[in-house]
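Novice: In the numbering used here, the protein residues as written are -14 to 900.
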């Protein structure tokens, strides 16, 4: 239909306004052009679009003898696409298509061929050649062009492409093209006139022009209808010519989608996914998204996979998610591989099958032309987990080097750790610290901060560099990255304390995914009475973090144990099940060994917990298994031999020290010792373990590790005592002085163990340091600082000291009065000791009766020695009437309580009776 006929029909409809001149316009044209209300054909009219890659592959494989048996429209479209994608590269193919076009299009003549040649040359950048050859002018001279060609020539003239610019002549042609029904020309003119430009020969109002252009675009239902409808939809979406109208744009996209346009179907889904300017409809979203995905739209394929993976809008279905992602992969889309990797990453630790599939996907990713850098890091970690920390190093290092080369920060951190495990030469230390510093400065990676502190404090043989280590430690603290270690009672007090800084710190670390923080924060939320919805959110977040649920169980376990709920603590172990972390498993196992060593079932449970941990390379688990097994086990079956290969391949710091301890050569011992140094956690326990090993095998390093342990210990009085013990064991005057200094510091901070160490040191009359007055001073100070309920233990210790010390102490404190106060608090041991003092008091003959009363209370309180002494009191009538039956009863009770002398007496009595 020509524009004249269309204008006439619109005039009859009363929608056309003609003006002599168009006033200046700045706003888009307000036209509502709705999709036609027609019955849609049952079969799709529009074919699904072919991806550029597939289209290129088809034409690249073409033998160029004759054109494929396709619609002329699709061949022309492909020729134009190849030209737009890379005219220079595909010039031979495009030129051959042009040569053969007359074989499938009878009216493809000289003008058509010249037009296609000019467009190709311009796309190739041969503008000067086109001008020199006068090709555009030749086309103009030919005349008789259809409306579309006229508009193209108009643009050549206006833009000066292939010919000298002549805007006036170009606009004249564009008007001619518009009146010939070319929608692009009509919209161009509408755009110009709405901005107030006067165009000679064009007197149609922009509103009417847009209606005519859109009407021309819709046209007939042919192969190109969907492309043209898409143009209408885009105009309403963009708002350049017409007023932006998302709902109208959506309506046109739906119309095109219903005609079979899968790209339009994706746009409908995208509107319902992302736009805030339309009323979203999830049913429409899913229906058109599936239509787009089934038609091969890559964005829709990936989105459908995501919906099924997450269970959003559709039931969760991993198999369907994988199917969509594999479809994307098969079509050469890298995102399909990445999405599969992300799904498998969630289950690789619990499913060997998924772990193998995950590794396969990562291999595919790194083999692509432009692989993501993180894929190298993830693959390195998979191989490291599978083959072990030490065995995998030659394979893993090239992968991490590639990751670093491509800019992956996490790969840089992993490479820094691997390099430190390789050797500790100055150049290796320098590169490792460079990688870690880069991660903190460029990416702000907080995990790298702690690793830098570890290098400067514990790993670098040239260290420890306390100043630099403290610098990074302070930065870590400032970043809120230091793990919060709260005691059970502190956790329970959080809701009442309402300390926003502490709570915020825990929440931040929980958001980072730190397992211990997730456990702490969940505990806090429960105690603070948060809603089930909030608790569910954090529970689900913990589920995807390996070890978080076990950390929560371990927290529950420790709290039950500290509160004396032993049965509840044991039940927690049994309910934990799979996913046991090393620290949690060791805590559980140690609890069982400490409290149920004689119970076969408990020891079997401990072995069940420890065996997989030992198989993962945990040296502490192997060591504890060895303790449980005992010396009777045959050497070839000992845990050390059973797990030796595992520890060599993947063993942690404790495992390397075990291997070093049992090494058969100095070279092997040094190898495993260096490994232990490079994998230590740089905490107090590991530093002390290295110091203990060094004391036996690397004496020159002992001071080094004790210096580090002292720095880490800080003001912790108990740790000062343990470090002091190490110095004392070195048994030199200088080391003993250091130990005594540490004991003195810990004593000043009120640590009871420090008092014990000092009293023992000065109370030893076989040593040169023997000083009964100093020992007595320290002991009196200890008692003065002790709470009444803890005094008894100290006084019992006094009873085992030399008489001279007991005499000095008794002159300074009223021992009997202290025992009495503790006895009155209900302490059986204090009752027993008070009874003994009263019994032996020569100044008070009646004290023996009070002694019997306290002895009886102590025995009834469960004290074994008091039961034995009470038995003797009944037997000899001390403080009471003699009573043989009562004497025998309490002697038997004392034996049952485990008091050895009672068992011996019963054994003698039995032998005498039988004799």
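Glycine residues also receive a C-beta, built at the ideal position from the N, C-alpha and C atoms.
1) Below 8 Å, can you find three or more Cβ-Cβ pairs linking the region 595 to 615 to the region 570 to 587?
2) Determine the DSSP secondary structure at residue 89, reduced to helix, strand or coil.
3) By Cβ distance below 7 Å, which residues in the same chain neighbour residue 6 in space, the five residues on each side in sequence not counted?
4) When you compare each of 197, 252 and 237 to residue 210 by their alpha carbons, which one comes out closest?
5) Check residue 894 in the structure and name its three-state DSSP category.
6) Buried or exposed: residue 889, going by 16 or more other Cβ atoms within 10 Å of its Cβ?
7) Residue 135 and residue 175: beta carbons closer than 7 Å?
8) Which same chain residues, not among the five before or five after residue 143, have their C-beta less than 6 Å away from its C-beta?
9) Spatial neighbours of residue 445 within its chain, please: C-beta separation below 6 Å, excluding the five flanking residues on both sides.
10) Given residue 433, which residues of its chain have a CB within under 7 Å of its CB, disregarding the five upstream and five downstream residues?
11) When you compare only the Cα positions, how much space is there between residue 379 and residue 361?
12) Taking the alpha-carbon positions, what's the residue 94 to residue 56 distance?
13) Would you decide whether residue 624 is buried or exposed? Buried here means 16 or more other CB atoms lie within 10 Å of its CB.
14) Using 8 Å for Cβ pairs, my map puts residue 138 next to residue 124. What's the rounded Cβ distance?
15) Cα separation between residue 16 and residue 231?
16) DSSP beta-bridge partners for residue 578?
17) Whether or not the region 83 to 92 and the region 65 to 72 are in contact is what I'm after, with contact meaning three or more pairs of Cβ atoms, one per stretch, closer than 8 Å; do they touch?
18) Between residue 435 and the rest of its own chain, which residues show a CB-CB distance below 6 Å, the 5 nearest in sequence each way excluded?
19) Can you have a look at residue 38 and say buried or exposed, based on whether 16 or more other CB atoms are within 10 angstroms of its CB?
20) DSSP three-state label for residue 16, please.
21) Alpha carbon to alpha carbon, how far is residue 779 from residue 738?
22) Kindly give me the distance between the Cβ atoms of residue 777 and residue 818, rounded to whole angstroms, as I take these residues to be in contact under 8 Å.
23) State the DSSP-derived secondary structure class of residue 264, mapped to helix, strand or coil.
24) Using a Cβ distance threshold of 8 Å, determine whether the region 341 to 359 contacts the region 391 to 411, with at least three qualifying pairs required.
25) How many angstroms separate the CA atom of residue 630 from the CA atom of residue 372?
26) For residue 728 and residue 694, what's the separation of their Cα atoms in angstroms?
27) Which residue wins for smallest C-alpha separation from residue 292, given the options 307, 281, 280 and 282?
28) State the DSSP-derived secondary structure class of residue 189, mapped to helix, strand or coil.
29) Could you check the C-alpha separation between residue 683 and residue 582 for me, to the nearest Å?
30) Take residue 349 and list the residues in its own chain whose beta-carbon comes closer than 7 Å to its own, dropping the five residues that flank it on each side.
31) Can you name, in chain order, every residue of its own chain whose Cβ lies under 7 Å from the Cβ of residue 368, other than the five neighbours on each side?
32) For my contact list, residue 844 and residue 835 are in at a C-beta cut-off of 8 Å; report their separation, rounded to the angstrom.
33) Comparing the C-beta of residue 642 with each C-beta of chain D, is any distance below 7 Å?
34) Using the C-alpha atoms, what's the distance from residue 61 back to residue 92?
35) To which residues of the same chain is residue 784 closer than 8 Å at the C-beta, ignoring the five residues directly before and after it?
36) Beta-carbon within less than 7 Å of residue 274's beta-carbon, same chain only, minus the 5 sequence neighbours each way: which residues are those?
Specialist: Taking the definition as stated:
1) yes
2) Residue numbering aside, residue 89 sits at position 104 when the chain shown is read from its first letter. If DSSP states are grouped into helix, strand and coil, residue 89 belongs with coil.
3) Counting from one through the chain shown, the residue named residue 6 turns up at place 21. Residue confidence for residue 6 is low, a pLDDT of 36 falling below 50, so the modelled location carries little weight; the figure read from the coordinates is stated next. Closer than 7 Å at the Cβ level, and outside the excluded window around residue 6, lie 183.
4) Translated into positions along the chain shown, residue 210 becomes position 225. Per the Cα distances, 237.
5) As a working note, residue 894 is residue 909 in the chain shown. Reduced to three states, the DSSP call for residue 894 is helix.
6) Residue mapping note: residue 889 aligns to position 904 of the chain shown, counting from 1. Flag for residue 889 reads exposed.
7) As a first step, residue 135 is located in the chain shown; it is residue number 150 there, counting from the start. As a first step, residue 175 is located in the chain shown; it is residue number 190 there, counting from the start. No, they are not a contact pair.
8) The residue you call residue 143 lines up with position 158 of the chain shown. Contacts found: 152 and 155.
9) Within the chain shown, numbered from 1, the residue matching residue 445 stands at position 460. Around residue 445: 414.
10) The residue given as residue 433 occupies position 448 in the chain shown. The answer, listed in chain order, is 398, 421, 424 and 425.
11) Working through the chain shown from its first residue, we reach residue 379 at position 394. Working through the chain shown from its first residue, we reach residue 361 at position 376. Approximately 14 Å between the Cα atoms of the pair.
12) Numbered from 1 along the chain shown, position 109 holds the residue referred to as residue 94. Numbered from 1 along the chain shown, position 71 holds the residue referred to as residue 56. Going from the Cα of residue 94 to the Cα of residue 56 covers about 18 Å.
13) In the chain shown, counting from the first residue as 1, residue 624 sits at position 639. Buried, because 16 or more other Cβ atoms sit within 10 Å of the Cβ of residue 624.
14) To locate residue 138, count along the chain shown from 1; it is residue 153. To locate residue 124, count along the chain shown from 1; it is residue 139. So it is a contact: roughly 6 Å between Cβ atoms.
15) Stepping through the chain shown from its first residue, residue 16 is reached at position 31. Stepping through the chain shown from its first residue, residue 231 is reached at position 246. Roughly 13 Å between the two C-alpha positions.
16) Position 593 of the chain shown, counting from 1, holds the residue named residue 578. In the DSSP output, where bridge partners are listed per residue, residue 578 has none listed.
17) no
18) Translated into the one-based positions of the chain shown, residue 435 becomes position 450. Excluding sequence neighbours, residue 435 sits near 461.
19) Here residue 38 corresponds to residue number 53 of the chain shown, with the count starting at 1. Label assigned to residue 38: exposed.
20) For the purposes of this step, residue 16 is identified with residue 31 of the chain shown, where counting begins at 1. Coil at residue 16, not helix or strand.
21) Within the chain shown, residue 779 is the residue found at index 794, counting from 1. Within the chain shown, residue 738 is the residue found at index 753, counting from 1. Cα to Cα, residue 779 sits roughly 11 Å from residue 738.
22) In the chain shown, residue 777 corresponds to position 792, counting from 1. In the chain shown, residue 818 corresponds to position 833, counting from 1. So it is a contact: roughly 7 Å between Cβ atoms.
23) Translated into the one-based positions of the chain shown, residue 264 becomes position 279. Coil at residue 264, not helix or strand.
24) yes
25) Residue 630 sits at position 645 when you count from the first residue of the chain shown. Residue 372 sits at position 387 when you count from the first residue of the chain shown. For residue 630 and residue 372, the distance between alpha carbons rounds to 12 Å.
26) Along the chain shown, one-based indexing puts residue 728 at 743. Along the chain shown, one-based indexing puts residue 694 at 709. Each residue's alpha carbon lies about 15 Å from the other.
27) For this step, residue 292 is matched to residue 307 along the chain shown. Here the closest residue by C-alpha is 307.
28) Here residue 189 refers to the residue found at position 204 of the chain shown. Strand, per DSSP.
29) Position 698 of the chain shown holds residue 683. Position 597 of the chain shown holds residue 582. Their Cα atoms are separated by approximately 35 Å.
30) The residue you call residue 349 lines up with position 364 of the chain shown. Excluding sequence neighbours, residue 349 sits near 322.
31) As a working note, residue 368 is residue 383 in the chain shown. Once the five neighbours on either side are set aside, the close Cβ partners of residue 368 are 377, 380 and 381.
32) Within the chain shown, residue 844 is the residue found at index 859, counting from 1. Within the chain shown, residue 835 is the residue found at index 850, counting from 1. Contact doesn't hold; Cβ gap of about 15 Å is too wide.
33) Included in the structure is just one protein chain, with no chain D present.
34) Position 107 of the chain shown, counted from the first residue, corresponds to residue 92. Position 76 of the chain shown, counted from the first residue, corresponds to residue 61. For residue 92 and residue 61, the distance between alpha carbons rounds to 14 Å.
35) Residue numbering aside, residue 784 sits at position 799 when the chain shown is read from its first letter. Answer for residue 784: 791 and 818, listed in chain order.
36) Residue mapping note: residue 274 aligns to position 289 of the chain shown, counting from 1. Excluding positions up to five away in sequence, the list reads 254, 285, 288 and 289.
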